[in-house]
């Protein structure tokens, strides 16, 4: 049973490194892509600050996990992953946020129903779309798997602490 918990803690440590690397990569993506857009409107600045904040939460949760502050780190990691489960285009707005690897099942519902797959590493778009008639819903499978891993790890640690 101790080996089983050791594996749990090792998975949590890997998750910590994943959160840190994804957050750093996400913030780098922001700074590489926005240097020419800093004169944009308030909505863009808001979306920029939101993405940087979520990347910061990811990095902080990773640091906590590596420092063995498991429950607080897992809670923040859960928050960071939960924001990445669904992305959409709806009513002229786009919400698309991913830190780290994403693999999505995409559904476009504009004229016909088109189902597809989308894969990448770190993505950020919170904006007002030019076309309010587009409807798209995407489900990030990687974020769902990580949420399940986080929930299972948190339950295992809570059970271990309550012994």
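Residue numbers (the working numbering): 26 to 188. Beta carbons: idealized from backbone N, C-alpha and C, even for Gly. Since the model is a prediction, treat every value here as computed from it, not as a measurement.
- In the DSSP assignment, residue 132 falls outside any alpha helix (DSSP H) and within the unbroken beta strand (DSSP E) covering 118-133.
- For residue 162, the CB contacts under 6 Å within the same chain, skipping 5 residues up- and downstream, are 113, 132 in chain order.
- Residue 90 and residue 72 do not touch by the CB rule: their CB atoms are close to 27 Å apart, not below 8 Å.
- Within the same chain, 44, 98, 101, 102, 105 come within 7 Å of residue 86 by CB-CB distance, once the 5 residues on both sides are set aside.
- If you ignore the 5 residues before and after residue 182, its C-beta comes within less than 7 Å of the C-beta of 95, 96, all in its own chain and listed in chain order.
- Look at residue 166 here: in three-state DSSP terms it is helix.
- Beta-bridge partners of residue 111 (DSSP): 164.
- Spatial neighbours of residue 53 in its own chain (CB-CB distance under 6 Å, excluding positions within 5 residues in sequence) are not present.
- It is roughly 37 Å from the alpha-carbon of residue 186 to the alpha-carbon of residue 148.
- Look at residue 77 here: in three-state DSSP terms it is helix.
- Classified as exposed, residue 35 has fewer than 16 neighbouring CB atoms from the shown chains inside 10 Å of its CB.
- When secondary structure is reduced to three states using DSSP, residue 175 falls in the helix class.
- Rounded to the nearest whole angstrom, the C-alpha separation of residue 156 and residue 130 is 22 Å.
- In terms of Cβ geometry, residue 84 and residue 49 form a close pair [threshold 8 Å].
- As the crow flies, the alpha-carbon of residue 123 is around 24 Å from that of residue 138.
- Assigned with DSSP and collapsed to three states, residue 139 falls in strand.
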